[in-house]
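Enquirer: Protein chains in written order, with our numbering: chain A, -6 to 238; chain B, 272 to 915.
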Amino acid sequence: MKPKVAFFDFAGCEGDQLQIANLEEEILDLLGQVEVVSFREVMKEHSDDYDIAFIEGSCTRLQDEERLKQIRKNASIVVAIGSCATIGGINSLKNYQNLDDVKKTVYGDKANLFDTYPARPIDAVIPVDAYVHGCPMTKDEFLHVVKSLLLGKKPEIPNYPVCVECKKNENVCAFERGEFCVGPVTRAGCNSCCVNEGTKCWGCRGMVDNPNENSQKEVLVKYGLSVDDAIGKFKLYFGWQGKKK
Amino acid sequence: MGEAKNMHILSKEDFSEFINSLIADNSLNVVGVKSKGTKFAFGPLESADQLRLDYDVTLLPPKKYFFPQRETLVTYDVASGYQNKSLADTKPNIIVGVHPYDIMAILHMDEIFCETKSDPNYLARRNSSVIIGVNIQKMSESCFASSMGCATIDYGYDLMLTDLGNKYAIDVGSHKGADLLNKYSKNVKKALASDIQSVGKKKQEIMNKTQQEFSFSSELIPEMLGKFYEKTNFWEDHSEECLSCGSCVLVCPTCYCFDIMDNPALSLKTGERGRTWDGCLLEDFAKISSGENFRNTKATRYRHRYFKKGKYLFDRFGFVSCVGCGRCSSNCLPDIANPVNLFNDMYAESLKIGIQIDPATVPDVKIKSGDVIDYAPKIATIVKKVPMTANETMFELKLDDGSELGHEPGQFVQVSVFGVGEAPFGVSSSPTKKDTFELCIRKLGNVTSKIHTLQEGDKVGIRGPFGNGFNAELLKGKDLLFVAGGLGIVPLRSLFNYVLDNRSDYGRVILLYGCKEPRELLFGDEILSLEDRKDVEFKSTVDRCPENEVWTRNVGVITTLIPQVDFDPQKTYAIVCGPPIMYKFVIRDLKSQNVPDDHIIVSLERRMKCGVGKCGHCQINQLYVCKDGPVFNYSKIKGIPEAL
């Protein structure tokens, strides 16, 4: 019996599900291993009978918690996919602002019609069994996690910073190119893809378990960033993780 | 001098022709130093014009051609097992533009990868490679190769270039180099005395040039480190800003630690097992699946790096394994990885507090190189699966090729589960049991959890046996006191049962066994039946007994059993195995009973990964648990702080 899988989305851009839809030839191999019973982005059928639930997006409203809890009840394995689901993602940027102002900015005079609360990752609401980090997640890591789960294995997700992959890929350090990078505190696993392309790490995979945040900020300042801007570097993706501490 | 005889001259045009004709030969993989942004890197050459022999330092050292960042070691097919990845079609690398310090680093790596057991992948690539060195024309800002005596070198290369304006002087260092020059170059001339003199002068200039230097002789490093191990504040102060990013070790030309990982294909039926660079500065490097991290602070990891380079490798091989390339310092964002700064601080501190440091005596090194490492596991079948407790199961295994495991009591094996990975387990059966062997496995991590789902008839992979076991011969005629805590009974059982099978060879046999609660007792019936044996003295204990369980024997930690047995410390050897926390207390109590240090034998658990003393994960100070242990005589490790 192939395990039944379902995909769900909350507050996010659906870019992670798009990565799956874009798996191309590998999607056929994947479909040889699992049966997809619900995937709004690519099919119209839906079933509540599934073993593995992949959840994209962060939870930004109290009423979404109920839906998450229902998914948790139905699924034996819950996987958070993409930064919004795994670490709160850029949705957490709003957590630094007054939520009434945020609503007004987005919905104008209809603001009262909408609820919101601080954005949070899925595991702030329900237990999560596995994570596919990234904004968007990469196809390779998604497949790595799926294969691990099919083998009954906890996926190995690095607990070291992006610098490790950057060094292996022999990149010129982003700081040497005048960029301000948060790779030294960001969880690896992306194969340092952004730096490979000549830019810097933005931190989309969230921080490692024990980041040396002070040292990272000092480095940013040493290389010429103002203290405020250095702190700002931690807000783009680390909003939820940073506040939790 | 050898140099004079083998020195040749090529004009720069002819040198370019030489490189281009190498490139034109498709059977060769010609790589060299090219620019990369504002930096330099070794990469494939398409034309001699790309060569930048005026570079200061490359981002990564050329070791990546022998020990690549990522490589496949074995492939597997669930139907047919594991197979070493063939390197037969690997093209020889011609590496152009290697600086002397990187040549010295390669020589260090050669010894490390050949010690005890040699690494086939490293050697295959290394032996087919040709190294064309170049004397430094521009020294990088962080270079301290002169301080390490590696700014120039007289050996270790096949060809060595020196830029003499419109021509290169080429020193031929090997037959391989001479053949290459003969076959691919034109218009090679013998060097004139004046050319030889110019090269000598250039080398002298480089040797005298320093960007950074020690305020003391580098010969003091091993001894000085030895005196600073315990100075916790010194290490904490210097590592405060460490990001644990591993950059310093990943760019190092002499670092060789690696991790091993499985990558199954989506079919889950086939896949690969590969290795990738790892680093002792990374947080989880010494963590085992029970969650215990044997180097869990920035300061201990930071200290380990300096000790590994400056003391442990010196003690093992007779060289400080740093060549002064300066990559670690230029790649450290908080700028704390510069060995020059650290050692100069250390030297200043030692002067301040008045520590006398003498140059270390170079150890008498006898490097044994033996078998080639076989990374491909043999296939074994689970012939019996016996659940022991809620979390522990005994597996009886038989090798499919019909061979015996051939282990000594106390040795361990690496067990592979297709696609999931590999983990080390002490063999729990005695070698007197010939056809099969037993493992008792606790469900903890990925491999152990998966093994528990396997059934009789299922296949696993086996490498080993590895390490030093208990020396059953040496213990003959002695009284034996076994002290086992929890899972520690597993490796001890291999010796214990061996002793019972050869009972008349040994004196008294005492077993003290403790676990947390009665339901965690391993080998329950077998163990408790010992109470009926006249030739074995057996006592057991539990830390606590919950109300719903029954236990009529001792309650208390394992050490409470020691005073309950009367033994002659001079005639008795204590054999101890248990959770990491247990050793300290058991050894303390044994010593208070006057058991001499060399009568205490322990078996240690670490994160054994490669099993053959290379990958670095199980290292405790200078020792590799997988190779030097897991069984150690206490007298040999009592001075080793990371051991117990």
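A virtual CB, placed ideally from N, CA and C, is assigned to each residue, including glycine.
Give every residue of the same chain whose Cβ lies closer than 6 Å to the Cβ of B/ILE402, excluding the five residues on either side of it in the sequence, and list them in chain order.
Expert: Within the same chain, B/ILE402 has close Cβ partners ILE366, VAL369, TYR428, ASP429.
Enquirer: I'd like to check one pair, B/SER411 with B/VAL328: are the Cβ atoms closer than 8 Å?
Expert: Contact flag set, yes.
Enquirer: Taking one C-beta from the stretch 508 to 528 of chain B and one from the stretch 305 to 319 of chain B each time, how about it: are there three or more such pairs within less than 8 Å?
Expert: They do not touch, by the three-pair rule.
Enquirer: Give the straight-line distance between the Cα atoms of A/ASP94 and A/ASP9, rounded to the nearest whole angstrom.
Expert: Rounded to the nearest angstrom, the two C-alpha atoms are 29 Å apart.
Enquirer: How about A/ILE48 and A/PHE135: do their beta carbons lie closer than 8 Å?
Expert: No, they are not a contact pair.
Enquirer: In three-state DSSP terms, what is B/GLU693?
Expert: DSSP places B/GLU693 in strand when its eight states are reduced to three.
Enquirer: Residues of chain A with a CB under 8 Å from the CB of B/MET532: which are they?
Expert: GLU149, listed in chain order.
Enquirer: How many angstroms separate the CA atom of B/LEU435 from the CA atom of B/LYS305?
Expert: So the alpha carbons of these two residues sit roughly 20 Å apart.
Enquirer: If I measure Cβ to Cβ from B/ARG574 and keep anything under 6 Å in the same chain, skipping five residues before and after, which residues do I get?
Expert: Cβ neighbours of B/ARG574 beyond the five flanking positions: TRP506.
Enquirer: At which residue ranges does the stretch 587 to 663 of chain B contain complete beta strand (DSSP E) runs of 3 or more residues, listed in the order of the chain?
Expert: With a minimum length of 3 residues, the continuous beta strand (DSSP E) runs that stay inside the stretch 587 to 663 of chain B are 640 to 643, 649 to 658.
Enquirer: Quick one: is B/VAL522 near chain A, going by C-beta distance under 8 Å?
Expert: True, the Cβ-Cβ gap to chain A drops below 8 Å.
Enquirer: For B/GLN321, report the span of its beta strand (DSSP E) as first-last.
Expert: No beta strand (DSSP E) contains B/GLN321, which DSSP labels as neither H nor E.
Enquirer: Report the residue from B/ARG341, B/GLY404, B/VAL349 whose alpha carbon sits nearest the alpha carbon of B/ASN392.
Expert: Nearest of B/ARG341, B/GLY404, B/VAL349 to B/ASN392, Cα basis: B/ARG341.
Enquirer: Establish whether the CB of B/LEU537 and some CB of chain A are separated by less than 8 Å.
Expert: It does; some Cβ of chain A falls within 8 Å.
Enquirer: Measure the alpha-carbon distance for A/LEU11 versus A/GLU34 and round it to whole angstroms.
Expert: Taking the straight line joining both Cα atoms gives about 8 Å.
Enquirer: Can you tell me which of the three DSSP states B/MET495 falls into?
Expert: Three-state DSSP puts B/MET495 in a helix.
Enquirer: Give a yes or no on whether 8 Å exceeds the smallest Cβ distance from B/MET272 to chain A.
Expert: Unreliable positioning characterises B/MET272 in this predicted model, as indicated by a pLDDT of 38, which lies under 50. The coordinate reading is nonetheless provided below. Cβ-Cβ to chain A under 8 Å: no for B/MET272.
Enquirer: Give the interface partners of B/LYS310 over in chain A, defined as CB-CB distance under 8 Å, in chain order.
Expert: Neighbours of B/LYS310 on chain A, chain order: VAL165, GLU169.
Enquirer: Check the Cβ of B/LYS307 against every Cβ in chain A and list those closer than 9 Å, keeping chain order.
Expert: What B/LYS307 touches in chain A: GLU163, ASN164, VAL165.
Enquirer: Once DSSP output is grouped into helix, strand and coil, what is the label at A/VAL139?
Expert: The answer is helix: DSSP assigns A/VAL139 an H, G or I state.
Enquirer: For B/PHE289 and B/ILE407, I'd like the C-alpha separation in whole angstroms.
Expert: Taking the straight line from one Cα to the other gives about 21 Å.
Enquirer: Would you please state the rounded distance, in angstroms, between the beta carbons of A/CYS166 and B/ASN602? I believe it to be under 8 Å.
Expert: Right, the Cβ-Cβ distance comes to about 7 Å (below 8 Å), so this counts as a contact.
Enquirer: Taking B/ASP750 as part of the beta strand (DSSP E), name the residues at either end of that continuous run.
Expert: 750 to 756 is the extent of the beta strand (DSSP E) around B/ASP750.
Enquirer: Just to confirm, is the Cβ distance from A/TRP195 to A/CYS183 under 8 Å?
Expert: Their beta carbons are not under 8 Å apart, which means A/TRP195 does not touch A/CYS183 by this criterion.
Enquirer: Taking C-beta pairs closer than 8 Å, name the residues in chain B that A/GLN234 reaches, listed in chain order.
Expert: By Cβ distance, chain B contributes nothing, its closest Cβ being about 16 Å from A/GLN234, past 8 Å.
Enquirer: My understanding is that A/PHE1 touches A/ASP57, with C-beta atoms under 8 Å, so please give their C-beta distance in whole angstroms.
Expert: About 10 Å separates the two Cβ atoms, so there is no contact after all.
Enquirer: According to DSSP, is B/PRO363 helix, strand or coil?
Expert: Note: B/PRO363 maps to coil in three-state DSSP.
Enquirer: The stretch 551 to 573 of chain B: which residues have C-beta closer than 8 Å to a C-beta of chain A, in chain order?
Expert: Answer set for the stretch 551 to 573 of chain B: LEU553, GLU554, ASP555, LYS569.
Enquirer: In chain order, what residues of the same chain lie with their CB nearer than 8 Å to the CB of A/GLY199, ignoring the 5 residues before and after it?
Expert: For A/GLY199, where only same-chain residues beyond five positions count, the Cβ hits under 8 Å are SER76, THR79, ILE80, HIS126, THR179, ARG180, TYR230, PHE231, GLN234.
Enquirer: Give every residue of the same chain whose Cβ lies closer than 6 Å to the Cβ of B/ARG397, excluding the five residues on either side of it in the sequence, and list them in chain order.
Expert: Closer than 6 Å at the Cβ level, and outside the excluded window around B/ARG397, lie PHE337.
Enquirer: Do we get a CB-CB distance below 8 Å when we pair B/ASN300 with the residues of chain A?
Expert: Judged by the 8 Å Cβ criterion, B/ASN300 is not in contact with chain A.
Enquirer: For A/LYS(-5), which residues of its own chain have a beta-carbon under 6 Å away from its beta-carbon, when the five flanking residues on both sides are left out?
Expert: Excluding sequence neighbours, A/LYS(-5) sits near VAL27, GLU28.
Enquirer: B/PHE856 to B/GLU876, Cα distance in whole Å?
Expert: When rounded, the distance between both Cα atoms is 17 Å.
Enquirer: Taking the DSSP output, what are the residues bridged to B/TRP548?
Expert: For B/TRP548, which the question treats as bridged, DSSP gives the partners B/PHE529.
Enquirer: Counting only Cβ pairs nearer than 8 Å, list the residues of chain B close to A/PRO120.
Expert: None at all; the shortest Cβ gap to chain B is about 18 Å.
Enquirer: For my contact list, A/VAL72 and A/VAL30 are in at a C-beta cut-off of 8 Å; report their separation, rounded to the angstrom.
Expert: Not confirmed; about 15 Å, so no contact.
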